[in-house]
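One structure is given here, and the rest of the page talks about it.
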Amino acid sequence: MRLEELAPGVFACLTPDRGLGWSNSGLVNRGGGLVVDTFWDLPHTRALIATYARVAREPIRRVVNTHHNGDHCWGNQLFEAAEIIGHRACAAAFGRDASPAMLQGMKALAGGDDPALAAFARALEEWDFTGIELTPPTTLIDERLDLDLDGTRVSLLYVGPAHTAGDVVVHLPEERVLFTGDVLFRLCTPIGWEGTYAKWTAALDRVIALDPAVVVPGHGPLCGVEGPREMKAYLEYVRAESRRFFDADLTTLEAAKRIDLGPYAGWTEPERRLFNVERAYREFRGEPFDAPIDVMAIFRGMHELRTARAA
Ligand SMILES: [Zn+2]
8 MRLEELAPGV FACLTPDRGL GWSNSGLVNR GGGLVVDTFW DLPHTRALIA
58 TYARVAREPI RRVVNTHHNG DHCWGNQLFE AAEIIGHRAC AAAFGRDASP
108 AMLQGMKALA GGDDPALAAF ARALEEWDFT GIELTPPTTL IDERLDLDLD
158 GTRVSLLYVG PAHTAGDVVV HLPEERVLFT GDVLFRLCTP IGWEGTYAKW
208 TAALDRVIAL DPAVVVPGHG PLCGVEGPRE MKAYLEYVRA ESRRFFDADL
258 TTLEAAKRID LGPYAGWTEP ERRLFNVERA YREFRGEPFD APIDVMAIFR
308 GMHELRTARA A
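Taken in order, the sequence shown gives residues 8 to 318; the numbers are from my numbering.
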């Protein structure tokens, strides 16, 4: 992981995009310290804390979770002195997805004879989910929360349900720095959970309108507003293509196979487009934004897309 100073006392801790769970974090080293997102397991979060300790002398006083996915908050418990802040829907979603114990158990399937499960298990190889105690936010946001950290303004803005129901972005207007969480994936194919295309593109429009000079995405490298612009174009394109294939009665997997990714083909994990096709189909069928998703079926489909690409 790499610490980068974006403005005086404002840092990003960036991990290389190596697939599932490799996320970014941030530190505003003022007013006792505010950390934006922890990591997926305790060993990686300990390394994150050691990285921040190079510049922050005191224990961190505040942690903001941009949303509830484990790769942004399963290290929360290690910030023992911190107030944990997040959206009300983020806190409510803690414990709803696969648990740390379940993921730890899945790692044993890496050598099994189910190729899709084995591939998923191998993607977890570098993570250790033991010892995690889910530690949800206790300071809850509805629309926004404005903080003053020794004169530095930090605004936490609710922009969901875009990537998940409880998406929050962290904006430093004077420094023109914005931490987006997974509202933005950069050069990396986005996955959406609970939310809608309309809300996600509106969230990206809001990100662009804030006019940041530096954007820290949830996954992938730093960027400017070209990042959210490109991702918005990707979402609109995949939705339009999905409409065409939905109208032609193709399955989501068939649709995903036929979508020509064009300029987005170089983004990592292109097979995640199946998640986005699934979301589009749910919307075309008029289902609610938080309709249950058959995650394992989608991972199996993604495995098929990956294998087809490699063949
Ligand atoms: Zn993430």
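All C-beta atoms in this analysis are idealised placements derived from N, C-alpha and C, irrespective of residue type, glycine included.
For residue i and residue j, I'd like the C-alpha separation in whole angstroms.
{"i": "Arg280", "j": "Ala298", "result": "18 Å"}
{"i": "Asp212", "j": "Ala115", "result": "42 Å"}
{"i": "Glu12", "j": "Leu194", "result": "21 Å"}
{"i": "Asp184", "j": "Leu260", "result": "Residue identity differs from the one stated: residue 184 is Val in this sequence, not Asp. If you take the alpha carbons of Val184 and Leu260, they lie about 38 Å apart."}
{"i": "Pro180", "j": "Leu152", "result": "14 Å"}
{"i": "Tyr204", "j": "Cys20", "result": "29 Å"}
{"i": "Ser106", "j": "Ala117", "result": "18 Å"}
{"i": "His94", "j": "Thr142", "result": "14 Å"}
{"i": "Asp149", "j": "Gly269", "result": "38 Å"}
{"i": "Ala216", "j": "Cys230", "result": "15 Å"}
{"i": "Gly308", "j": "Ala96", "result": "29 Å"}
{"i": "Val177", "j": "Ala128", "result": "32 Å"}
{"i": "Leu147", "j": "Val42", "result": "16 Å"}
{"i": "Leu257", "j": "Arg289", "result": "14 Å"}
{"i": "Ala63", "j": "Asp155", "result": "18 Å"}
{"i": "Asn31", "j": "Leu312", "result": "27 Å"}
{"i": "Thr345", "j": "Met238", "result": "The displayed coordinates of the chain run from 8 to 318. Any statement about residue 345 would go beyond what the structure contains."}
{"i": "Glu201", "j": "Gly158", "result": "35 Å"}
{"i": "Tyr244", "j": "Val284", "result": "11 Å"}
{"i": "Val161", "j": "Asp120", "result": "50 Å"}
{"i": "Glu122", "j": "His310", "result": "Residue 122 is actually Pro in this sequence, not Glu. Using only the alpha carbons, I get a separation of about 8 Å."}
{"i": "Gly167", "j": "Gly26", "result": "24 Å"}
{"i": "Ile56", "j": "Glu90", "result": "16 Å"}
{"i": "Arg53", "j": "Arg103", "result": "25 Å"}
{"i": "Trp29", "j": "Phe18", "result": "17 Å"}
{"i": "Ala100", "j": "Ala60", "result": "30 Å"}
{"i": "Asp218", "j": "Gly38", "result": "25 Å"}
Indicate the three-state DSSP secondary structure (helix, strand or coil) for residue i in the structure shown.
{"i": "Glu133", "result": "coil"}
{"i": "Leu191", "result": "strand"}
{"i": "Ile198", "result": "coil"}
{"i": "His178", "result": "strand"}
{"i": "Ser30", "result": "coil"}
{"i": "Pro122", "result": "helix"}
{"i": "Cys80", "result": "coil"}
{"i": "Ile91", "result": "strand"}
{"i": "Gly269", "result": "helix"}
{"i": "Gly102", "result": "coil"}
{"i": "Arg69", "result": "strand"}
{"i": "Gly234", "result": "helix"}
{"i": "Leu312", "result": "helix"}
{"i": "His226", "result": "strand"}
{"i": "Val5", "result": "Nothing about residue 5 can be reported from this structure: the residues present for the chain run from 8 to 318 only."}
{"i": "Arg25", "result": "coil"}
{"i": "Leu7", "result": "The chain is shown only over 8 to 318; residue 7 falls outside these bounds and no answer can be derived."}
{"i": "Thr208", "result": "helix"}
{"i": "Thr203", "result": "coil"}
{"i": "Leu9", "result": "Note that residue 9 corresponds to Arg in the displayed sequence, not to Leu. If DSSP states are grouped into helix, strand and coil, Arg9 belongs with the strands."}
{"i": "Phe252", "result": "helix"}
{"i": "Phe86", "result": "coil"}
With hydrogens ignored, establish whether the beta-carbon of residue i is closer than 7 Å to any heavy atom of ligand 3.
{"i": "Asn36", "result": "As for ligand 3, it is missing from this structure, which binds only ligand 1."}
What residues match up with residue i in a beta bridge as DSSP calls it?
{"i": "Leu163", "result": "Leu152 and Val177"}
{"i": "Ala14", "result": "Val17"}
{"i": "Val284", "result": "For Val284, which the question treats as bridged, DSSP gives no partner whatsoever."}
{"i": "Thr275", "result": "Cys195"}
**OP:** Mind listing which residues have their beta carbon within less than 7 Å of any non-hydrogen atom of ligand 1? Chain order is fine.
**Re:** The set of residues with a C-beta under 7 Å from any non-hydrogen atom of ligand 1 comprises Ser30, Asn76, Asp78, His79, Asp189, Gly225 and His226, given in chain order.
**OP:** Give a yes or no on contact between the region 253-269 and the region 221-236, applying the rule of three or more CB pairs nearer than 8 Å.
**Re:** no
**OP:** Would you be able to state if there are at least three C-beta pairs under 8 Å between the region 72-89 and the region 42-56?
**Re:** yes
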